[in-house]
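Peer 1:
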Amino acid sequence: MEEPDVSQPGVTKKFMYVNRRAPYGTVYALESLEVVLIGAAFDQDVSLAFLDDGVFQIVKGQDTAGIGMKNFSPTYRALGDYEVTKLYVEKESLETRGLSEDDLLEITYEDEDDDWAEKPSIHVVKRDEMTQLMAQQDVILSF
Amino acid sequence: MEQLVKFSVVVNEGPYTHQASDSAYQFTKAALEKGHEIYRVFFYHDGVNNGTRLTVPPQDERNIQVNWTELAEQHELDLVVCVAAAQRRGVLDKSEADRLGKDADNIAPGFRISGLGQLIDAGIASDRLVTFGD
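As given, the protein sequences belong to chains A and B, one line each in that order. In case it helps, our numbering puts the first sequence at residues 88 to 230. In case it helps, our numbering puts the second sequence at residues 1032 to 1165.
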């Protein structure tokens, strides 16, 4: 990937990447993940939101062999290495699709402020909590 | 006195199939006419296809690429096409075409190809980042 131009040192904003679409069928999920990975170099306060069909992006056991596409879901498990540690999943979107937290990838990070304890990155939140989280953001990028 | 805002604009869909690029153009034009600043317009996903100079719409239709190019010339706009998204979709400038061994380039005047860092930078540097998509 290209080298980012980190031109605004010292400014920290709250960035939320909102993922609303299924992982395959369109390219939005993959290209959203590419923004997240590049954006990690900018040391911003980053979170990801998964709602609507976007919750399918982090379902475990994905197998893309039949559709000739790369399975990029393992990349979500590496987000902790990029210091992207807050993944909010909307409870109602899971339930509507017959899913629960048990169906999701195990995504964790090592908390440097807590002796590198391994902690879950995924937080299942209700719709009204998601609304509040969105209201707190400076920048929302919706894919 | 109306408060002036520094905007950046994101265009996530290509021309003609979706209205996103038209709406983004109208928004950008209106904001500039009101005296606001447009820090950058960033083209991502199929939005990169707004930046090819090879589109030839019927003469009685708007030419979306030319609209952007002319607006950029009038206001010294920074129109940035994402390099990774552009390479997937065949939008190249001269140096990219040379580097990748392709026999042609198609980037339109007023557009430049750069990285996704330019999108994050726009989010940091602007008061408001406005996305136009599907």
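For each residue, glycine too, the CB sits at the ideal point set by N, CA and C.
1. Residues of the segment 116-143 of chain A with a CB closer than 8 Å to any CB of chain B: list them in chain order, please.
2. Measure the Cβ-Cβ separation of PRO1046/B and SER1039/B and say whether it is below 8 Å.
3. DSSP three-state call for ASP1165/B: helix, strand or coil?
4. Taking 8 Å as the cut-off, does the segment 1069-1081 of chain B touch the segment 106-121 of chain A (at least 3 CB pairs, one atom from each stretch)?
5. On the three-state DSSP scale, how would you describe GLU193/A?
6. Determine the burial state of GLU1064/B: buried for a count of at least 16 other Cβ atoms within 10 Å of its Cβ, exposed for fewer.
7. Please determine, among ASN1043/B, LEU1147/B and GLN1118/B, the residue with the shortest C-alpha to C-alpha distance to GLY1164/B.
8. Between GLU199/A and VAL146/A, what straight-line distance do the alpha-carbon atoms span, to the nearest angstrom?
9. Tell me where the beta strand (DSSP E) around ALA204/A begins and ends.
10. With distance defined between alpha-carbon atoms, name the residue in GLU1107/B, ARG1130/B and ARG1120/B nearest to ARG1071/B.
11. Of all the CB atoms in chain A, is at least one closer than 8 Å to the CB of TYR1075/B?
12. Could you spell out the range, first to last residue, of the alpha helix (DSSP H) harbouring ARG214/A?
13. For SER208/A, go through chain B and note every residue whose CB falls closer than 9 Å to its CB, in chain order.
14. Quick one: residues in its chain with C-beta nearer than 6 Å to the C-beta of ASP1049/B, no 5 flanking neighbours on either side, listed in chain order?
15. Is there at least one Cβ from chain B nearer than 8 Å to LYS173/A's Cβ?
16. Check for me: the beta strand (DSSP E) holding TYR175/A runs from which residue to which?
17. Identify each residue in the segment 1043-1056 of chain B for which the Cβ-Cβ distance to at least one residue of chain A is less than 7 Å, and report them in chain order.
18. Suppose only complete runs of 4+ residues qualify. What are the alpha helix (DSSP H) ranges in the segment 1039-1073 of chain B, listed by chain order?
19. Strictly under 8 Å for the Cβ-Cβ distance: is ARG107/A near chain B by that measure?
20. To the nearest angstrom, how far is it from the Cα of ILE125/A to the Cα of LYS173/A?
21. Alpha carbon to alpha carbon, what distance is there between LEU1160/B and ASP1152/B?
22. Please classify GLU1104/B as buried or exposed, where buried requires at least 16 neighbouring CB atoms within 10 angstroms.
23. Where does the unbroken alpha helix (DSSP H) through ASN1080/B begin, and where does it stop?
24. How would you write the range of the beta strand (DSSP E) that ALA136/A sits in, first residue to last?
25. Are LEU120/A and THR162/A touching if we call contact CB-CB under 8 Å?
26. Quick test of your reading: SER160/A and LEU192/A, contact by CB under 8 Å. State the CB separation rounded to the nearest angstrom.
27. Chain A partners of LEU1160/B, CB-CB under 7 Å?
28. Indicate whether at least one CB of chain A lies closer than 8 Å to the CB of LEU1147/B.
Peer 2: Result, derived from the coordinates:
1. Residues of the segment 116-143 of chain A that bring their beta carbon within less than 8 Å of a beta carbon in chain B comprise GLU118, GLU121, VAL122, ILE125, GLY126, ALA128, PHE129 and GLN131, in sequence order.
2. Here residue 1046/B is taken as the residue at index 15 of the second sequence, counted from 1. Here residue 1039/B is taken as the residue at index 8 of the second sequence, counted from 1. In this structure, SER1039/B does not lie closer than 8 Å to PRO1046/B by Cβ.
3. Position 134 of the second sequence holds residue 1165/B. In the structure shown, ASP1165/B sits in coil (DSSP, three-state: anything other than H, G, I, E or B).
4. These segments touch.
5. Looking up residue 193/A in the first sequence gives position 106. Assigned with DSSP and collapsed to three states, GLU193/A falls in coil, not helix or strand.
6. Along the second sequence, read from residue 1 onward, the residue named residue 1064/B stands at position 33. Taking all protein chains shown into account, GLU1064/B has fewer than 16 neighbouring C-beta atoms within 10 Å of its C-beta and is therefore exposed.
7. In the second sequence, counting from the first residue as 1, residue 1164/B sits at position 133. Shortest Cα-Cα distance from GLY1164/B to any of ASN1043/B, LEU1147/B and GLN1118/B involves ASN1043/B.
8. In the first sequence, counting from the first residue as 1, residue 199/A sits at position 112. In the first sequence, counting from the first residue as 1, residue 146/A sits at position 59. GLU199/A and VAL146/A have their C-alpha atoms some 27 Å from each other.
9. Taking the first sequence and counting its residues from 1, the one referred to as residue 204/A is at position 117. Where ALA204/A is concerned, the enclosing beta strand (DSSP E) stretches over 204-207.
10. Walking along the second sequence from the start, residue 1071/B turns up at place 40. Shortest Cα-Cα distance from ARG1071/B to any of GLU1107/B, ARG1130/B and ARG1120/B involves GLU1107/B.
11. Taking the second sequence and counting its residues from 1, one reaches residue 1075/B at position 44. For TYR1075/B, the closest Cβ of chain A is nearer than 8 Å.
12. Numbered from 1 along the first sequence, position 127 holds the residue referred to as residue 214/A. That run of the alpha helix (DSSP H) goes 214-222.
13. To locate residue 208/A, count along the first sequence from 1; it is residue 121. Chain-ordered listing is empty here: chain B has no CB closer than 9 Å to the CB of SER208/A, the nearest sitting near 20 Å.
14. Residue 1049/B sits at position 18 when you count from the first residue of the second sequence. The sequence as given places His at residue 1049/B; Asp does not occur at that position. The answer, listed in chain order, is ASP1165.
15. The sequence position of residue 173/A within the first sequence is 86, counting from 1. Not closer than 8 Å to any Cβ of chain B, the Cβ of LYS173/A fails to qualify, so no.
16. The residue given as residue 175/A occupies position 88 in the first sequence. For TYR175/A, the uninterrupted beta strand (DSSP E) run begins and ends at 174-177, by DSSP.
17. Going along the segment 1043-1056 of chain B in chain order, one finds no residue with a Cβ nearer than 7 Å to chain A.
18. Taking only runs of at least 4 residues, the alpha helix (DSSP H) segments lying wholly in the segment 1039-1073 of chain B are 1051-1064.
19. Translated into positions along the first sequence, residue 107/A becomes position 20. It does not: the Cβ of ARG107/A has no partner Cβ on chain B nearer than 8 Å.
20. What you label residue 125/A is simply residue 38 of the first sequence in a count that begins at 1. What you label residue 173/A is simply residue 86 of the first sequence in a count that begins at 1. Straight-line Cα distance between these residues: approximately 16 Å.
21. For this step, residue 1152/B is matched to residue 121 along the second sequence. For this step, residue 1160/B is matched to residue 129 along the second sequence. A straight line joining the alpha-carbon of ASP1152/B with that of LEU1160/B spans about 11 Å.
22. Working through the second sequence from its first residue, we reach residue 1104/B at position 73. In this structure GLU1104/B is exposed. Its beta-carbon is surrounded by fewer than 16 other beta-carbon atoms within 10 angstroms.
23. Taking the second sequence and counting its residues from 1, one reaches residue 1080/B at position 49. Boundaries for ASN1080/B: no alpha helix (DSSP H) harbours it, and the DSSP string shows neither H nor E there.
24. Position 49 of the first sequence holds residue 136/A. It spans 132-137 - the beta strand (DSSP E) in which ALA136/A sits, taken as one unbroken run.
25. In the first sequence, the residue the question calls residue 120/A occupies position 33. In the first sequence, the residue the question calls residue 162/A occupies position 75. Cβ atoms of LEU120/A and THR162/A: closer than 8 Å.
26. Locating residue 160/A in the first sequence gives position 73, counting from the first residue. Locating residue 192/A in the first sequence gives position 105, counting from the first residue. Between SER160/A and LEU192/A, the beta carbon gap of about 7 Å places them in contact (Cβ cut-off 8 Å).
27. Here residue 1160/B refers to the residue found at position 129 of the second sequence. The contacting residues are VAL226.
28. Numbered from its first residue, the second sequence carries residue 1147/B at position 116. Yes, contact with chain A.
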